[in-house]
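Comments concern the structure below.
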Amino acid sequence: MNPNSVEVLLVEDNITDAELTIRELKKYNLANNLFHVKDGEAALDFIFCTGPFSGTRTMQHAPRVILLDIQMPKVNGIEVLEKIKSDPRTRTLPVVILTSSKEDPDIKKCYDLGANSYIVKPVNFERFAAAIQNLGYYWLLLNQRPI
Amino acid sequence: MENLSTIGKIIAANSTAALAFDNEGDAKEILAALKAEPHIVAAGLYDRNGRLFSRYPSNSGPDAFPTGPGPAGYQFMHAHLEGFQPVVAEKRQLGTLYLKSDLGAIYERFRVYGFLVALVVILSFLSAWLLSKILQKNISQPILALAETAKVVSDQKDYSVRAIKTGNDEVGLLTDAFNYMLAQIQEQNRTLSNFTQDLEQRVRRRTAQWEVANKELEAFSYSISHDLRAPLRGVIGFVTILEDDYSSKLDDEAKRITGIIKNNALKMGQLIDDLLAFSRMGRQEIEKTNIPTLAMVDAVIRQIVPGNKDGNIQWVIGEIPDIKGDINAIRQVWINLISNAVKYSANKEAPQIEIGSFGRDAETVFFVKDNGVGFDEKYLNKLFKVFQRLHSADEFEGTGVGLAIVEKIISKHGGKVWAEGTKNQGARFYFSFPDERSEFSKQDTLNR
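Quick mapping for you: the protein sequence lines, in order, are chains W and P.
Under the working numbering, the first residue of the first sequence is numbered -7, with each subsequent residue one higher.
Under the working numbering, the first residue of the second sequence is numbered 623, with each subsequent residue one higher.
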């Protein structure tokens, strides 16, 4: 896949959750331009075109949405969110926090940092599938991205 | 005047011989005796012919005397008292004695009396003053000093101050008692402040421990909620994929088994969520506001029994006063109690649920009654315990957390929960709320 055509950046360390998410999006043809990274460090490299992504993609070609897990090894979701929202080049990128827990003490912090949405992944698969489907439709088809 | 008349009589009596024998020297000597009476300023003896025979003081001129004797008696003349006294011997008048007394003498006497009175008064005042001085020194001053000390003590709250003892009298005794009292207070204050400090330290230590424990519990809850739910989502997700995408390759037994796996995983998810809700309720601080209870109950009923699947439940809503409490927590109480009533009366032919309240000694008791399956009262003690159920999951779904949450919320509001029930006759759940309530809202009966 051409890194410049990525529309959905999925940042998720749990491969089961990632597979379920991708599988669900594929069902509605929304995963064609999905790129999956497994930790915050890789996410930052992708977004800011550093490390393995320096020279392979340009920041002008930004994804339509970043689906960001919070609990991740190395660099966690909060730090990734903070970096994205404090940089004028990436501040307008829509970031949707996907987390397993509604007990999350970070929910307010995420909104303070400028998260565009905060979704608790339901345990019930039907509801999880519905949530992912809604997310895909909303951010890829309904939402107008900043030019 | 009497004094003068007496003197006159004495001189007159003594003068009879001098006049009878016309002895001028004797007369002079007799009159000279008047020196002893300083107020007699002049005296004269007239002979029977009215001639001034002798005079006193001897150096005074004849002009100072009346020209002749006047009638007997004394009278005031020109600030003097003067008069005549006949000198009589054997009923024969030998001559007349003239006496002149200076009123100054009387004034002098008055002055002496006045002076004496003044002296006595001054002396009395003086002695009174001296006495009061002495008394003040011995009684008032120590008492005033004591009062001053007491004022200092009460103003500055300084119980280390001591009154100075001035003697061994009653006041000294009072001072001792006062000082002893101060010493006692000081000692008690010290004990009290040590105790308070100790207590504060303990409270601080406990609070710190509690905060650490609470943080740990929060982290624990987060970890349970996050780490237990994620794999569960995987299990349910992939079993669902198996069911959806591979149903043609699964026989009936395989489908039954995937169904069991999914149901158990879902139940575990529900347990995790309920457990977390229960633990969250325990940790949460309640925030009291005015709750329009009737409107809340109404909304909860609508939420639990949406209009289209109304069923045939008959609702009887009695008097429900507003209360002060945590709005979300109290809503949860109503949700749990009303949904229980709906759930456990669902199999009845004519289910009836009654919601109301009554007041009794400084508390309001709310109740939810149903005519459902009820329960055996011998299990009453298990009713409000977490994860304790009186029905199997086949009969009625549930995790056994709802009533435990109700109990926790109500006890946090200072109230109590209890229940009555009869098997197959229905159940009555009560919770009391200490009175802090606003006015009763209107009685209302709703039939849905």
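From the three backbone atoms N, C-alpha and C, an ideal C-beta is built for every residue, glycine too.
These figures come from a predicted structure and were not determined experimentally.
Counting only Cβ pairs nearer than 7 Å, list the residues of chain W close to residue i.
i, result
"residue 839 (chain P)", "Those do not exist, as residue 839 (chain P) stays about 11 Å from chain W at its closest Cβ, beyond 7 Å."
So, under 8 Å CB-CB, residue i and residue j are touching, yes? Tell me the CB distance rounded to an integer number of Å.
i, j, result
"residue 11 (chain W)", "residue 61 (chain W)", "Actually they do not touch by this definition, with Cβ atoms about 14 Å apart."
"residue 1051 (chain P)", "residue 986 (chain P)", "With a Cβ gap of about 15 Å, residue 1051 (chain P) and residue 986 (chain P) do not count as contacting."
"residue 891 (chain P)", "residue 115 (chain W)", "4 Å"
"residue 108 (chain W)", "residue 87 (chain W)", "5 Å"
"residue 113 (chain W)", "residue 90 (chain W)", "6 Å"
"residue 974 (chain P)", "residue 1010 (chain P)", "Going by Cβ atoms, the distance from residue 974 (chain P) to residue 1010 (chain P) rounds to 27 Å, so no, they are not a contact pair."
"residue 783 (chain P)", "residue 771 (chain P)", "6 Å"
"residue 994 (chain P)", "residue 1045 (chain P)", "Contact flag wrong, Cβ pair sits at about 11 Å."
"residue 134 (chain W)", "residue 56 (chain W)", "At roughly 11 Å, the Cβ-Cβ gap does not stay under 8 Å, so residue 134 (chain W) and residue 56 (chain W) are not in contact."
"residue 721 (chain P)", "residue 626 (chain P)", "6 Å"
"residue 939 (chain P)", "residue 964 (chain P)", "At roughly 14 Å, the Cβ-Cβ gap does not stay under 8 Å, so residue 939 (chain P) and residue 964 (chain P) are not in contact."
What would DSSP say about residue i, mapped onto helix, strand or coil?
i, result
"residue 1005 (chain P)", "coil"
"residue 1066 (chain P)", "For residue 1066 (chain P), the predicted structure reports a pLDDT of 42, less than 50, and the residue's modelled location is therefore unreliable. The matter cannot be settled from this model."
"residue 998 (chain P)", "coil"
"residue 992 (chain P)", "strand"
"residue 978 (chain P)", "strand"
"residue 28 (chain W)", "strand"
"residue 661 (chain P)", "coil"
"residue 122 (chain W)", "helix"
"residue 93 (chain W)", "coil"
"residue 947 (chain P)", "strand"
"residue 794 (chain P)", "helix"
"residue 964 (chain P)", "helix"
"residue 1023 (chain P)", "coil"
"residue 576 (chain P)", "The shown model of chain P, from 623 to 1070, leaves out residue 576 (chain P), and the question about it has no answer."
"residue 862 (chain P)", "helix"
"residue 1060 (chain P)", "Note that residue 1060 (chain P) has pLDDT 42, beneath the 50 cutoff, so the model's placement of it is unreliable and the number below is only indicative. Here residue 1060 (chain P) sits in coil by DSSP."
"residue 783 (chain P)", "coil"
"residue 825 (chain P)", "helix"
"residue 845 (chain P)", "helix"
"residue 85 (chain W)", "coil"
"residue 104 (chain W)", "helix"
"residue 1014 (chain P)", "coil"
"residue 971 (chain P)", "coil"
"residue 939 (chain P)", "strand"
"residue 23 (chain W)", "coil"
"residue 769 (chain P)", "helix"
"residue 984 (chain P)", "coil"
"residue 0 (chain W)", "strand"
"residue 1051 (chain P)", "strand"
"residue 735 (chain P)", "helix"
"residue 47 (chain W)", "coil"
Can you name the residues of chain P whose CB is closer than 8 Å to the CB of residue i?
i, result
"residue 116 (chain W)", "858, 888, 891"
"residue 63 (chain W)", "848"
"residue 105 (chain W)", "Chain P residues near residue 105 (chain W): none, gap ~19 Å exceeds 8 Å."
Which residues in chain P have a C-beta closer than 9 Å to the C-beta of residue i? List them in chain order.
i, result
"residue 9 (chain W)", "852, 855, 856, 859"
"residue 113 (chain W)", "851, 852, 855"
"residue 133 (chain W)", "Neighbours of residue 133 (chain W) on chain P: none; closest Cβ ~24 Å, over 9 Å."
"residue 22 (chain W)", "The contacting residues do not exist; residue 22 (chain W) stays about 17 Å from chain P at best."
"residue 90 (chain W)", "Residues of chain P passing the Cβ test: none, with the nearest at roughly 11 Å."
How would you list, in chain order, the residues of chain P whose beta-carbon sits under 7 Å from the beta-carbon of residue i?
i, result
"residue 6 (chain W)", "852"
"residue 120 (chain W)", "855, 859"
Can you pull the chain W residues whose beta carbon is under 8 Å from the beta carbon of residue i, in chain order?
i, result
"residue 604 (chain P)", "The structure shown does not extend to residue 604 (chain P), since chain P spans only 623 to 1070, so no value can be given for it."
"residue 1021 (chain P)", "Within chain W, no residue comes near residue 1021 (chain P); the closest Cβ sits about 14 Å away, beyond 8 Å."
"residue 813 (chain P)", "Those within 8 Å of residue 813 (chain P) in chain W number zero; the least Cβ separation is about 44 Å."
"residue 829 (chain P)", "Those within 8 Å of residue 829 (chain P) in chain W number zero; the least Cβ separation is about 20 Å."
Since residue i meets chain W, which of its residues come closer than 9 Å, beta carbon to beta carbon?
i, result
"residue 880 (chain P)", "Residues of chain W passing the Cβ test: none, with the nearest at roughly 12 Å."
The segment 89 to 98 of chain W touching the segment 35 to 43 of chain W, judged by at least three CB pairs closer than 8 Å: no
Check whether the segment 837 to 848 of chain P and the segment 891 to 898 of chain P are in contact - that is, three or more C-beta pairs closer than 8 Å. yes
Sequence ranges, beta strand (DSSP E) only - wholly within the segment 870 to 934 of chain P, length at least 3: 910 to 913
Whether or not the segment 23 to 30 of chain W and the segment 815 to 830 of chain P are in contact is what I'm after, with contact meaning three or more pairs of Cβ atoms, one per stretch, closer than 8 Å; do they touch? no
Given 8 Å, three or more beta-carbon pairs between the segment 968 to 979 of chain P and the segment 1023 to 1036 of chain P: no
Under 8 Å, with one C-beta from each stretch per pair, do the segment 680 to 688 of chain P and the segment 122 to 132 of chain W reach the 3-pair mark? no
Inside the segment 660 to 721 of chain P only - beta strand (DSSP E) runs reaching at least 3 residues: 662 to 669, 674 to 678, 695 to 699, 702 to 711
Please confirm if the segment 665 to 680 of chain P is in contact with the segment 732 to 749 of chain P, defined as three or more CB-CB distances below 8 Å between the two stretches. no
Should the segment 855 to 874 of chain P be regarded as contacting the segment 828 to 845 of chain P, the criterion being three or more beta carbon pairs within less than 8 Å? no
Is there contact between the segment 858 to 866 of chain P and the segment 910 to 930 of chain P, where contact requires at least three CB pairs shorter than 8 Å? no
Please confirm if the segment 653 to 661 of chain P is in contact with the segment 707 to 715 of chain P, defined as three or more CB-CB distances below 8 Å between the two stretches. no
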